[in-house]
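Residue numbers (this note's numbering): 19 to 359.
Where is the CB? At the ideal position from N, CA and C, for every residue including glycine.
Please read the structure below before turning to the comments.
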Amino acid sequence: MLMFAIPQLRVSMNTADDSLIVSSKPTLDKNWMGAVSYASAAAQAAPSVVNIYTEKKALSSNVSASRNSLGSGVIMQSNGLILTNHHVIDGALSILVLLHDGRQAPATIVGIDTEIDLAVLKIALPNLEPITVGNPSQARIGDVVLAIGNPSGIGQSVTQGIVSAKGRNGLRLNNFENFIQTDADISAGSSGGALVDVYGNLLGINTATLNGSGASGISFAIPADAAVKVLNDIVRFGRTVRGWLGVNADFFEASKEAYATFGFEKAFVITDLTPDGPASKSGLMVNDIILKIDGIAVTDPNKSIAQITNVRPGQSLKLDVLRIEEVIRFTVIAGDRTLKQ
């Protein structure tokens with residue numbers, strides 16, 4: 019079905035015979051700018067999105083067999099660095115990248131982060147067009163977004179949707195879930211592609227679509243700022259560096275009585291501590307309630323987890339903790355999550 023923007027019609031009511039008379043000349047709203055198009059955004063971002071083809075070992079007992087797989091990626095730097103999903107290239111025997119302009123090149127793996135399902139690739143081609151990175155924290159629910167990728171291997175395609183939700187988690191897709199949810203179609207082959215705003219700026223790396231009964235139009239992207247941190251860490255350190263406190267905690271909302279007495283609405287309660295971990299060494303205990311991290315009240319579990327993991331190992335965090343009926347401030351020296359074992 020085709021849908022058109024229809025100018026407002028001038029309608030008048032004839033009270034004598036209750037007949038409805040419609041003007042033969044539509045009245046245009048003076049602010050109406052014509053049909054909405056996102057062609058400029060697509061043209062801005064499309065040259066930065068690539069198709070990725072991989073050859074992987076077949077899922078069979080025949081060790082000589084192989085299978086082909088496909089996905090998408092985003093050119094992040096003019097030196098050939100590309101971000102994609104780890105699952106796109108996991109187990110790849112070879113990786114081929116096809117550019118928007120038809121050029122192609124083999125890719126090498128610079129590094130991976132399985133905890134957030136990202137990988138950094140590199141190709142050796144000149145005159146690459148890196149994408150402009152936007153600010154996903156400023157994206158609002160209801161904002162129009164475009165998903166660019168290679169659905170089902172048919173070639174680069176653009177789909178439109180809106181930001182349906184932010185901070186989506188609990189999906190068991192990776193260990194650090196803070197997804198942008200959208201109804202823009204992200205089909206197989208579009209994983210690793212770009213989710214962009216109406217200016218063509220990168221908001222996220224397309225990752226997954228929720229399948230199953232009643233799940234149509236539910237897709238997820240890793241926020242661009244989190245993806246860029248992974249890229250920068252892998253380039254600098256060869257891996258993603260994340261702070262770690264050595265605590266397991268449950269997020270909860272305070273009762274009215276607790277709010278009236280201690281002035282907090284949400285918090286973490288510690289359920290377990292790693293022996294000799296950073297938090298344990300600093301004196302924290304099971305059942306301690308974390309109210310603030312570096313002076314910032316705990317209001318959202320994703321933001322608090324990001325606050326901890328974004329700290330470099332060796333840096334300190336100040337935790338305001340409620341123990342029984344007393345608020346105590348602890349200084350914890352962050353450990354390295356990757357090296358925690």
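For PRO65, the CB contacts under 6 angstroms within the same chain, skipping 5 residues up- and downstream, are HIS118, GLU147 in chain order. Sequence-distant Cβ neighbours of LEU249 in its own chain, meaning closer than 7 angstroms and more than five residues away, are MET94, LEU99, LEU101, VAL138. When the five nearest sequence neighbours on each side are left out, the beta carbons in the same chain lying within less than 6 angstroms of the beta carbon of LEU116 are those of ASN69, GLN122, in order along the chain. Taking 8 angstroms as the upper bound for CB-CB distance, SER87 and LYS74 are in contact here, some 5 angstroms apart.
Shown here for ALA352: same chain residues with a beta carbon closer than 8 angstroms to its own, the five before and five after excluded, namely GLY261, TRP262, LEU263, PRO296, ILE326, VAL329, ARG330, PRO331, GLY332, GLN333, SER334, LEU335 in chain order.
Residue burial is scored here from C-beta neighbours: GLY129 has at least 16 other C-beta atoms within 10 angstroms and is therefore classed as buried. DSSP places THR279 in the helix class (H, G or I) of the three-state scheme.
A check of alpha carbon separations from ALA206 across ALA315, ALA226, ILE314, ASN145 identifies ALA226 as the nearest. Cα atoms of ALA276 and ALA61: separation of roughly 54 angstroms, rounded to the nearest angstrom. Annotation for ASN145: no beta strand (DSSP E) segment contains it, and DSSP assigns it neither H nor E.
Taking a cut-off of 8 angstroms on C-beta distances, the stretch 235-244 touches the stretch 203-217, as three or more cross pairs fall below it.
Ranking LEU114, HIS105, ILE113, ILE127 by CA distance to the CA of ILE252 puts ILE127 first.
Looking at VAL339, VAL92, THR132, GLY120, the one whose alpha-carbon comes closest to that of GLY109 is THR132. Residue LYS321 holds the alpha-carbon nearest to the alpha-carbon of ASP243 among LYS321, LEU114, ARG347, THR72. Runs of the beta strand (DSSP E) lying entirely within the stretch 84-160 and spanning at least 3 residues, in chain order: 84-93, 99-102, 110-116, 122-124, 126-131, 136-140. Using a Cβ distance threshold of 9 angstroms, ASP294 and GLY313 do not count as a contacting pair.
Counting only the Cα atoms, GLY301 lies some 51 angstroms from GLN178. Around the C-beta of THR289, fewer than 16 other C-beta atoms lie within 10 Å, and the residue is accordingly described as exposed. Looking at ALA278, THR292, ILE113, PHE270, the one whose alpha-carbon comes closest to that of LYS284 is PHE270.
The Cβ neighbour count for SER58, taken over all protein chains shown within 10 Å, is under 16; the residue is labelled exposed.
Spatial neighbours of SER298 in its own chain (CB-CB distance under 8 angstroms, excluding positions within 5 residues in sequence) are listed in chain order as GLY264, LEU291, THR292. Closest by C-alpha distance to PRO144, out of ILE166, SER96, HIS105, ILE159, is SER96.
For the pair THR317 and ARG186, the Cα-to-Cα distance works out to about 15 angstroms. When ILE308, ALA324, THR349 are compared, the shortest CA-CA separation from GLU343 is found for ILE308. Separation of LEU213 and ALA315 (C-alpha to C-alpha, rounded to the nearest whole angstrom) is 31 angstroms. In this structure, LEU220 and GLY152 form a Cβ contact; the two beta carbons are roughly 6 angstroms apart against a cut-off of 8 angstroms. Listed in chain order, the non-local C-beta contacts of VAL304 below 8 angstroms within the same chain comprise ILE288, THR289, ASP290, LEU291, local neighbours out to five positions each way being set aside. DSSP places ARG330 in the coil class of the three-state scheme, outside both helix and strand.
In the three-state reduction of the DSSP assignment, GLY207 falls in the coil class. Boundaries of the beta strand (DSSP E) around ASP290: 284-291. Taking 9 angstroms as the cut-off, the Cβ atoms of ILE172 and GLY211 do not count as close.
When ARG355, ALA267, VAL181 are compared, the shortest CA-CA separation from GLN199 is found for VAL181.
Here LYS140 is not near ALA157, since their CB atoms are 9 angstroms or more apart. Counting C-beta atoms within 10 angstroms of its own C-beta, VAL54 has fewer than 16 neighbours from the protein chains shown and is therefore classed as exposed. By the 16-neighbour rule on beta-carbons within 10 angstroms, ALA125 is buried.
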